[in-house]
Structure formats: C-alpha cells, structure tokens
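Accompanying notes for the structure given below.
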Amino acid sequence: MSTDPKCPVPPPREDDRIIGQVFRASLKVFAALAAVAVVLFLWQVWRGRAPEPVVEEGRAALEALHAQAGGPELPALPFTDITATAGIDFVHSNGAAGERLLPETMGGGVAWFDHDGDGLEDLLLVDSGPWPGQPMQEHWRGALRLYRNLDGARFEDVTRKAGLEGVRSYGMGPAVADIDGDGDLDLFLAALGPNRMFRNQGGRFVEITAEAGVAGEAGRWSSSAGFFDMDRDGLPDLWVVNYVEWSRERDFEVDYRLDGIGRAYGPPTNFPGTDSYLYRNLGDGRFEEVGAAMGIRVAHPQTGLPVGKGLGLITVDLDEDGWVDVVVANDTVRNFVFHNLEGHGFEEVGESWGIGYDRNGQATGAMGIDAARAFADGSLAIAIGNFANEMSSFYVAAPGSVQFADQAILTGIGAPSRRVLSFGLQFLDADLDGRLDLVQANGHVENEIQRVQQSQRHAQPAQLFWHCGANCPTEFVLLPDTLSQDLARPMVGRGLAAADFDRDGDPDLVLTQTGGPPRLLRNDQRLGHHWLALRLRGRAPNTEALGARVAVESKGQRQLREVTRNRSYLSQTPATLLFGLGAAERVDRVWIRWPDGQEQTWTPPAVDRLFELVQP
45 MSTDPKCPVP
55 PPREDDRIIG
65 QVFRASLKVF
75 AALAAVAVVL
85 FLWQVWRGRA
95 PEPVVEEGRA
105 ALEALHAQAG
115 GPELPALPFT
125 DITATAGIDF
135 VHSNGAAGER
145 LLPETMGGGV
155 AWFDHDGDGL
165 EDLLLVDSGP
175 WPGQPMQEHW
185 RGALRLYRNL
195 DGARFEDVTR
205 KAGLEGVRSY
215 GMGPAVADID
225 GDGDLDLFLA
235 ALGPNRMFRN
245 QGGRFVEITA
255 EAGVAGEAGR
265 WSSSAGFFDM
275 DRDGLPDLWV
285 VNYVEWSRER
295 DFEVDYRLDG
305 IGRAYGPPTN
315 FPGTDSYLYR
325 NLGDGRFEEV
335 GAAMGIRVAH
345 PQTGLPVGKG
355 LGLITVDLDE
365 DGWVDVVVAN
375 DTVRNFVFHN
385 LEGHGFEEVG
395 ESWGIGYDRN
405 GQATGAMGID
415 AARAFADGSL
425 AIAIGNFANE
435 MSSFYVAAPG
445 SVQFADQAIL
455 TGIGAPSRRV
465 LSFGLQFLDA
475 DLDGRLDLVQ
485 ANGHVENEIQ
495 RVQQSQRHAQ
505 PAQLFWHCGA
515 NCPTEFVLLP
525 DTLSQDLARP
535 MVGRGLAAAD
545 FDRDGDPDLV
555 LTQTGGPPRL
565 LRNDQRLGHH
575 WLALRLRGRA
585 PNTEALGARV
595 AVESKGQRQL
605 REVTRNRSYL
615 SQTPATLLFG
625 LGAAERVDRV
635 WIRWPDGQEQ
645 TWTPPAVDRL
655 FELVQP
C-alpha cells in the first residue's frame, strides 16, 4: 500500500459552497457590529488598561443569524462529576492568608500518565501549599499527590508508596516522559523556586534533580514544562517556561490595589520578564541548559532585558518540515513561536507568523494553549485562553502555510469566551463525530472581582465549544449548560487535561482549581459514534514516539494528529491518540510518520478499541 500521507477529500457540493458564502457574508456584518460596540464601550478594568468589552450587540446579532439559519441540533454531551465516588480527596492549597501574593492565583497543575505500566491512566495533582513559616507547613503532605487508576472508576492514593510524599516545593506544572528509554515514565515538576526531577523505577520515584542538573535558578518562577525531541536524536529534551521575576518583597513594592477592595491580586505588567530554560538530554541521566546557544532568549531591543512572561506551552511541527517547533503563551506581552532550525537552534517568528498578537495587534493576558488540525481541509488552529474581557485567541493557518490569522469571531469562539477568564483549554472530540471540539477551564484571579466588575465572578463555568462544521453559521457553537451538565458548574478553573480514564472510547476530563478541589468529569455521551485509539511504541530511548504524526482516513475524511503531552495550562495529557469516527464502521488506512522520519501504513481490523503499534 502507498505510504503517501495525502488522501483526497471529496469537494463540497455547489449549494453547500453558496450557503457557506452567504453565512460568511453575514458574519462580516456581525464583525462590523462588534467593531462599533468596541468603539462605544470603553471600560478601564482590572488589568490596568482598557480591554475588549463584552459585545452584547454582536452576540445578539450572531444568535439572530443562528436562529435565521435554522441552527444545528446540538448534541447532549453530559459530563458527570465523579470526584468523590472515584476517591479523589485532594484539595489544592495556595497559602493565601490575606496578603494577596500573585503566585496564589496561578497554581493547579495536573498530569495523566500510566506510572506503573498497567495500561490505565493514573492522575497526578500538583499542590502549591502553605508559604514557609505558616503553621500548616508541618502537616502538609507536599506538592505531589498521585492517584492510581484501579479500574476506570476508582482511584487509590499511592503518593507515599510511589515515593512522592513530602516534596517541599511551591508546585506549578508537571512534565512527563521516559527520559532514559527504560519504558517507565519519569517526572519533572516546575515550581516557584528550584524545580525537581524524579526517575521512575518500576512505579516508584527517586529524585535525581541534582545529578540531572535541572533545578534552575533558586529564585525563578517556572510554570509549564514539556518534553520533546528537539534534535531528533531519540532523547526527550526538556523545555521549561518561566513566568516573571517575582519575590514577596517585589510584590509588596508593586502594591497593586483596586478601589473598593484595597490590596488586590495584580497583573504581571509591573514585574520584569524572564527567559525559558531549554535542557538538552545528554543520554546518561544528565541534562545541559542550552537556551542561549539555541537562540531561545528574547530580549527587548532597547533595554536588553527578557521579554517573556510565559504560562502555556505546546510543542508542534507548525510548518510540517519534520522538526518540532515550540509556541509559548505569554501573559500581557507578545506570544513566542520558536521555529526549529533542523535541530541546530531556534528562530523566534511569532510576529511574522501572525501569532504574536491578537487581531487588533494587542498582546493579551495569555494563559493556556493548544493546537490541532481542527478543520476538514487540514487547516491548523492554535487556541489560547486569555484574560477576562479578552476573547480567547483562535489563530488559523491554511494547509501548507504558516501565516496565521486570529479568527475567533468568525469561528464562533470570540463573543462567548470574552465573558470569562480562561486558563486551561484543549481540543478534543467530545462526541466522537470526527470533528475536534474545544473545551476551556475558566475562573478569575481576584476573589472579590464582583465588587468592582459586576459582569465577572471568581468561580466561572467551563465552556465546551462544539464543532458544528463548515455548513453551520459558525464552525463552533457554545454548548448550553444543560447539555454539558457538571462541566458547566462554576469553579475557579486552572489546569485542564483530557484522558479516556474509563476506557470507553470517549475523552473524559479533569479540571483543577486554585485553593480548592479538582473536578473529575466522566464523559457520559451516548450518541453511538465509533472511535479508534492508538498508542505508539517507538524505539528506545523515545519509547512514546514523541513527535510522531498519525493520519486516520475513513469515509473520505482524514484526521491528522501529533504525539505530544504538552498542552493546556500546567497540564500533561496522555500520549495515546483518540480519533472519533462518527458513523464509520471501519478505518480505511492509518498512516504514521515516526519521529525518525520512517513511514508506515496500516489498516486496523476493527474499530471501537485501542491498538498499540510498535515501530518496525
């Protein structure tokens, strides 16, 4: 069978094309209404600058257009909260005691990974904990809590048994990979202060931070992190995103205040920026920091100081040249795109590729990030969750192009996302219809925000944007709360990660919050759609085949994914790929490009099951 990854897709019917043109013309009217509303509605709020306001006129116009077109029938996609019954008793602590310190608003890391090799996704939750000197320090269990998945419905706390009890760090985001090629998944923890690394030895973890050389600077604030193979030598390298230069003393010097509240949780605008760390895996348990040599430091042209204020991270081959690129979501400064120069270094191209700023040329309060080939024609989308009164960004590039444009309004993401403050977000096929949906966790940083901005709440509902398709008024439609059930219950959302933890074929969710319990949500959709799950086993040391590309072709539809764990906000997802097939009862072909460039084709004998594919 041919190894050509391209699969022709039948052209749209002429009447569908005309309908699509009419819808898009109507959407231009909606965009014009939104622009008028922006001019008429200027409001200085929490961020210290005038953000994009909520455009009720524009939203009403979109809803009227939707109703005029008949609107699609929305699917019931109920998510059920099983946190308590599953045995997840974790409650995130952030040390908040009235001083309003910026890190207290930002924690809530999470990772799905099979720590013991039994085939079930286990759940790691990251705590920040009390500040040094607070009375509860001596009773604190530490920054990591590991729950072993027993049967897809119940979890057991194995933190102590796994050697992760008592880790003293103000934890942020985890990263997971098999760093030594032994088949066990190892663990890195990004933190405020020294970072930590743990080697997995048959399900029990041993700290190797010192010998690995990945602690970083003692006073640095690291946020998200992720493993990827930057030079295609088979060894997972490590990228660590750093946020701002912070200290308790500096926080009080900034002394951010809000009328009616007093001292408040302030924006990062008055804190200096930082650079990411980039660690090359040397293959003997040691890592070497090569950020400067590899060109990832971004300095202000006038001051020479670091620009970045990073929170989110994705590793993805943007230009399809076989080398994994890196995108960093920055808070209140431009986003970075690091183009991989065939393993010899990186070039920062965020502005020239159209991802640096929003559609108005403004930097946003960017938090979480994800990327996917989200459209039927193979167009690449990058979604970024932003601050309140800012739309989530939704950058789209046509196949074969790296010129992105923010299409948040045209796709239907814009107006609804402007009403919330978004952190973690992820593309996933919630209903297994073969089209990727978008879910985002929301929650404000200021617990008394309603006193000064009545349109905002501290706890906010998560949002599920259902992918309706090209023949709808907008590609994505916000699913009503009644159809997503427990997913829409307000919480102070931060991390978000999807995994099929009950092995029934559809993606389930975990959402975290700062200063509160997580929410484990089982996907209880019953639409009868088929699915295919693929777990790749690459050659050691890259045993998870990080960076591999997989295309699944069925009934004229082609879905393309990349193997990565790095997405959302402070979150890690499984390396297993899940494809919704809709009504298709078979898959015509699976195409794989392994990380070393080797290509393979395969036809699965059945659907509605997980297959493990080993690199030849």
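Numbering (my numbering), first residue to last: 45 to 660. Each residue gets a CB set at the ideal place from its N, CA and C atoms; glycine is no exception.
Taking 9 Å as the threshold (C-beta atoms), are residue j and residue i in contact?
i    : j    : result
D281 : F331 : yes
S612 : G304 : no
A506 : L472 : no
S267 : M338 : no
L614 : P218 : yes
V594 : L571 : no
A308 : F249 : no
N193 : L357 : no
P585 : G225 : yes
E386 : D365 : yes
G139 : G173 : yes
P649 : E165 : no
A418 : R479 : yes
R403 : A441 : no
G196 : V170 : no
A541 : L508 : no
Q659 : G582 : yes
L121 : Q406 : no
Express the C-alpha separation of residue j and residue i in angstroms, rounding to a whole number.
i    : j    : result
V496 : G487 : 16 Å
C516 : P534 : 28 Å
D369 : R240 : 25 Å
I126 : G537 : 17 Å
R324 : V334 : 7 Å
G591 : V360 : 8 Å
E289 : D477 : 45 Å
W646 : L604 : 15 Å
G64  : T518 : Since pLDDT at G64 reaches only 40, below the 50 mark, its modelled position is unreliable, and no value is offered.
E96  : G641 : For E96, the predicted model reports a pLDDT of 40, less than 50, meaning its position is unreliable; a value from the coordinates is still stated below. Distance between the alpha carbons of E96 and G641 is about 44 Å.
A128 : P345 : 52 Å
V154 : Q616 : 6 Å
D550 : V521 : 20 Å
G176 : F315 : Position check: residue 176 holds Pro in this sequence, whereas Gly was assumed. Each residue's alpha carbon lies about 22 Å from the other.
L657 : A543 : 19 Å
G539 : K599 : 35 Å
A410 : A221 : 26 Å
L236 : G429 : 22 Å
I340 : V381 : 10 Å
I252 : V284 : 17 Å
L465 : T347 : 31 Å
V351 : V372 : 12 Å
R630 : V651 : 6 Å
L167 : E143 : 31 Å
P119 : A130 : 26 Å
Just to confirm the assignment, what range does the beta strand (DSSP E) spanning residue i have?
i    : result
V351 : No beta strand (DSSP E) contains V351, which DSSP labels as neither H nor E.
L476 : Run containing L476: none; DSSP gives neither H nor E here.
Q507 : Q507 to H511
F390 : F390 to E392
H159 : Where H159 is concerned, there is no enclosing beta strand (DSSP E), given that its DSSP letter is neither H nor E.
Y439 : S437 to A441
W575 : H574 to R581
A718 : Past the boundaries of the shown model lies residue 718; the chain is included only from 45 to 660, so the question cannot be answered.
N384 : F380 to N384
A603 : Just to set this straight, residue 603 is Gln in the shown sequence, not Ala. Counting along the chain, the beta strand (DSSP E) containing Q603 begins and ends at Q601 to E606.
I644 : At residue 644 the sequence reads Gln, which differs from the Ile that was named. Element bounds for Q644: E643 to W646.
E656 : R653 to V658
V594 : R593 to S598
A427 : L424 to I428
For residue i, report the span of its alpha helix (DSSP H) as first-last.
i    : result
T455 : A452 to T455
S36  : With the chain covering only 45 through 660, there is no way to say anything about residue 36.
D125 : Where D125 is concerned, there is no enclosing alpha helix (DSSP H), although the beta strand (DSSP E) it sits in stretches over F123 to D125.
D525 : D525 to S528
Can we count residue i as close to the ligand HEM, meaning its CB is less than 8 Å from some heavy atom?
i    : result
Y613 : This structure lacks the ligand HEM; in fact it carries no ligand of any kind.
Mind listing, in chain order, the continuous beta strand (DSSP E) runs of no fewer than 3 residues lying wholly within the region 250 to 291?
-> 266 to 272 and 281 to 286
Secondary structure, beta strand (DSSP E): runs of 3+ residues fully inside the region 192 to 244 = 199 to 201, 214 to 221 and 230 to 236
Would you check if there are 3 or more beta carbon pairs closer than 8 Å linking the region 272 to 292 to the region 441 to 461?
-> Pairwise C-beta distances place the region 272 to 292 out of contact with the region 441 to 461, as fewer than three of them are shorter than 8 Å.
Completely contained beta strand (DSSP E) runs for the region 303 to 354, where each covers 3 or more residues | Listed in chain order, the complete beta strand (DSSP E) runs (minimum 3 residues) inside the region 303 to 354 are 321 to 325 and 331 to 333.
Specify whether the region 517 to 531 and the region 148 to 168 touch according to this definition: at least 3 beta carbon pairs, one from each stretch, less than 8 Å apart.
-> Output reads no: the region 148 to 168 does not touch the region 517 to 531.
Let me know the beta strand (DSSP E) ranges lying completely inside the region 519 to 561, each 3 residues or longer, listed in chain order.
-> 520 to 522, 537 to 543 and 552 to 557
Kindly confirm or deny that the region 558 to 568 and the region 629 to 637 touch, where touching means at least three C-beta pairs closer than 8 Å.
-> In short, these stretches do not touch, since the Cβ pair count stays below three.
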